[in-house]
Structure formats: C-alpha cells, structure tokens
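Protein chains in written order, with our numbering: chain A, 93 to 318; chain B, 93 to 318.
Just below is one structure, and these are the notes that go with it.
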DNA sequence: GACATATAACCCTTCGGTAATTTACCGCTT
DNA sequence: AAGCGGTAAATTACCGAAGGGTTATATGTC
C-alpha cells in the first residue's frame, strides 16, 4: 500500500466518516460524497495542514488522510499541491480581508487610532475561531522563493497592508513622521503582532474569540501607556 | 555526481575559497582547512540556510554547497542534520540571550518600561547585523513536533521569555493587571514584534543596525502615544 | 450501460545518511 | 636529498525512505 490511504477501513478520524449511509438530494450517477461537499472538506483539511506545517512540510498524503480519502482525489479536485495551496490561500485571504474590512467600517471613526486595532483583532478572532491555523497560510515562511505561490501570498498580504496603511499613516503623521519606510516597518510590526497573538491562541485552545478580544483590549492599553 | 558537490571546480562562491596556499601552524598530517576553521564556516552557512528556509526545507546539500564542500564533511563534523541544527541553535541562542542580557543590564533602570525595549532591540540588531536570518533559527515554525529539536528551541525561547518577564510584569502590574495569561500573551507579542522587525530588516539589506535602532525609537514612541 | 466517485499500485525525484577511496601534508628514517 | 608511512581532510558513489504525481481499475447509482 502506498501513501496513507485508508485501505478498506476508515482513515484515522476523518473529518466526515463516509459510512454507506445515504445522503438526500444527490445528483445522478454518484457513489460517494457530492463534489461540492468534498471540495469543502479538502479545503478545510488543507488549510489546517498547510497552516500547521507550512507549504514545504505539509504532505498531500497527510491532507488526504485527514479528509479520509486517498491522494488521487486531491489531484482530481485540485491539479497539484501548489494548486491546492493556492485555493486555500485565496479562500482564507478573502476571509481575512473581509473580516478586517467590516471591522474597520464598523469601528467608530472617532479617535481612529484608539480602538481601531482592537476592532480589527476582534474581527479576526471571530473570523478564524475555528480555523486558527489559517492565518499562517497567509503568512507562510516556507513558500519556495521565486515561485508563483510566494508572489500570490505577497499580493494578498499587500492587500492586508493596504487596509492597515490608513491607520498607520494617520498614527505616524500625528507625530510629524512621514517616512514611508517607517510606515512600511510599522505595517510589518502590526501583522507580526497579529501572528504572535494567533500563535498564542493556538497554544491555548480553551480560549474563545471573546476571551482573546478582551485580553487584547487589556494588553493594548497596557502597551500604550507604560 | 550526487548532491551539489562542486566536483573539481570551486563551488559557487564558497565562504572561503580553499586555494592550495599554505597556512601556518597547522598540526601534523593535514591537508585542507583546519578543523576549527571549517567548523565555523559550516556553522555560519547552516545558520543562514536554516534561518532562511527553516529546518524542514533546508537541505544538507545546500549547506555543503554554501561552504564549498560535500555532504560527508558535514556529517564528519556534526553527526546528523539535527545535530547540526542543534549546534546552530545553541550558538545563536547564546548570542541572542547575551545581547538581551547586556542590553538590560546597561539600560537605565529608571522608567524601565520606557527605554528598555528599545535598548533590547538595539542590542539584538547589533548582535545579528551580519546574521539577520539567525533569529529565525530560534523561532523556526518548521521543527518536527514531539522532537528533541523542538523541545530545545522551546527551552531557549523560554530563557528569552524569562528575561522579558521582568519588564512585562512591571508593565502589567502598573495597570493593576496580575493575570499570568496576559503576561504570557504579552511575551508572545513582544517576541513576535522582534520577529516582524527582523523580517523587515532582512527585506531591507541596506539598513544598518543603527538605522534600525533609530527607526524603532520613532516607531515605539508613535505606538505608545496614539 | 453510462457516468461520477473513488482506490491500489506504481514511477521518479529529492534528500538524509554511509562506505570506500583519494589527496596532500607532515615528520622520520635512510 | 630522497623516500616512506602515518594521519587528517576530503571526495565519489551509493542506499533507503519519503513524498509529489500518474495510470489503470473498481464501485455504486441512475
């Protein structure tokens, strides 16, 4: 037997154990799980694996095992490892950007620099509560250099940075600082902070998104007035 | 030919092109580069590769090629990939911790929360100026889970955290906050900030350690008074 | 029987790791 | 001076496992 195929028995705790039990409303000529459903399962499993181990270390066999299918299924749905990664990237980038977007739109425009970061963090926590590793698909340091993947990830991170840029520029120019490099470095600091909080959250699975949000409120005020 | 051995010709820009030129004071019965010297070359190359790509993606052949030797040399000096990584880890952990230590000792004890972070950053920048990737050997997310390597890295990161803990605790208790989880999360935020700045620094090779130190002074004050 | 879903078994490359061999320098003897 | 062995440094050529990717085949439902 090759790879981690589950053979006849069920794979190790697949996301959806595929019993012979029937599903309703299935299209004609179909044995297993409908295409759209499988696609979701695969994407969820891939986001988890890629986020946990990074593109380089994640293995297609592990993703397949997590879903409870075999490797060729992944290649039938997404052409290649890079294709699957790209699909994950697009999906979670959209989710992250939308979370940031609505958080910024909903936050009080008054004294933007005060509460806006906390609003963004809260939005991210609730958007990623059940996919905490997803953040690290966007911020994967193991992508092959000079690859299409790396460029795509950088593009999406650039979109996130563009959203942050408004608040950053306001904050800096409030101090008479117009240095574009300072603004760029501060964007990195911000996303790095989010990464750090996501990492801590992953290490503390019992903490809910609301817990994290409250904690960050405390931490941000503590940092700001030493 | 196997691996990336350079064959007869010199490897692509080896750290020290080994010409037939003689060295002085070499022990009896010796052909090539003395042991201590090679060891340094290998460690430097390995830190760079491991820091760039992470343990999982870094390859022994690439490290060997960077030094200008072949794979078996690496195994003669360090027993295995993990052994080499461990040697890198110990080395740069010592360097990082010493930098933080002296920065904290030298910083003015007055108004610790004010200038201490900047002093630590400055110390790190000057300690890692010519090894900017080294930081990511300590903070490598690609280490195999449940491995000795991961435990060793966590141990060293714990030492860094312990140094940070003093300042963190002071800062939080100044706000009436004694929550140990808050303190832990704030430590993660701090090391995440350092990681972000190191990443930005790597992307801007023209910036000197002094440049970075000055930039961080501006950024820290901007962040603290929004 | 036709179609969609799924799998077993395989190929090929990369990479960690090893065994056998070669090269060059030293100090000693003749 | 010429040779000789010892030793450290280094290389070539290989092995086995892991992983990305493919082909041929099976299975169930309409």
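Glycine residues also receive a C-beta, built at the ideal position from the N, C-alpha and C atoms.
In the DSSP assignment, residue 146/B falls within the alpha helix (DSSP H) that extends over 127–149. Residue 277/A belongs to the set of residues whose beta carbon lies under 7 Å from a beta carbon in chain B.
For residue 316/A, the three-state secondary structure derived from DSSP is helix. Residues are counted here when their Cβ sits less than 8 Å from a Cβ of chain A; for the stretch 242–273 of chain B these are 263, 264, 266, 267, 269, 271, 273, given in chain order. Of all residues in the stretch 229–241 of chain A, only 233, 234 place a beta-carbon less than 7 Å from a beta-carbon of chain B.
DSSP places residue 183/A within a helical segment (H, G or I) once states are collapsed to three.
Here residue 224/A has 290, 293, 294 as same chain residues with Cβ atoms under 7 Å from its own Cβ, once five neighbours each way along the sequence are excluded. Contact between residue 249/B and residue 219/B is ruled out by a C-beta separation of about 16 Å, above the 8 Å threshold.
Residue state for residue 235/B is assigned as coil, using DSSP reduced to three classes. In terms of Cβ geometry, residue 226/B and residue 139/B form a close pair [threshold 7 Å]. Considering only 183/A, 191/A, 185/A, 152/A, the residue with the shortest C-alpha distance to residue 172/A is 152/A. In this structure, 303/A is the residue among 241/A, 275/A, 303/A, 142/A with its C-alpha nearest to the C-alpha of residue 271/B. Below 8 Å, enough C-beta pairs join the stretch 123–139 of chain B and the stretch 157–171 of chain B to call them touching: three or more. Residues of chain A whose Cβ lies closer than 9 Å to the Cβ of residue 280/B are, in chain order, 288, 289, 291, 292, 295.
In this chain, the alpha helix (DSSP H) harbouring residue 247/B covers 240–265. The three-state reading of DSSP puts residue 210/B in helix, counting H, G and I together. Shown here, residue 216/B sits in a helix according to DSSP, grouped into three states.
By the beta-carbon neighbour count (other beta carbons within 10 angstroms, threshold 16), residue 133/A is buried. Using a CB distance cut-off of 7 Å, residue 220/B does not count as an interface residue toward chain A. A Cβ of chain B is located within less than 7 Å of the beta carbon of residue 316/A. Residue 141/A sits away from residue 148/A, with the two beta carbons spaced by 7 Å or more.
Close partners of residue 148/A in chain B (Cβ separation under 8 Å): 145, 146, 148, 149, 234. Short of 6 Å from the beta carbon of residue 258/A, and not among the five residues preceding or following it, lies no beta carbon of its own chain. Under the 10 Å beta carbon count, residue 215/A is surrounded by 16 or more other beta carbons and is classified as buried.
Residue-level contact by beta carbon fails for residue 216/B and chain A, as no gap is shorter than 7 Å. In this structure, DSSP gives residue 305/B a helical state, which the three-state scheme calls helix.
Straight across, the Cα-Cα distance linking residue 135/B with residue 144/B is about 14 Å. The DSSP-derived three-state label of residue 286/B is helix. For residue 228/A, the enclosing alpha helix (DSSP H) stretches over residues 227–230. Contact of residue 284/B with chain A is assigned, a C-beta pair being separated by under 7 Å. Under the three-pair Cβ rule at 8 Å, the stretch 269–287 of chain B counts as touching the stretch 303–316 of chain A.
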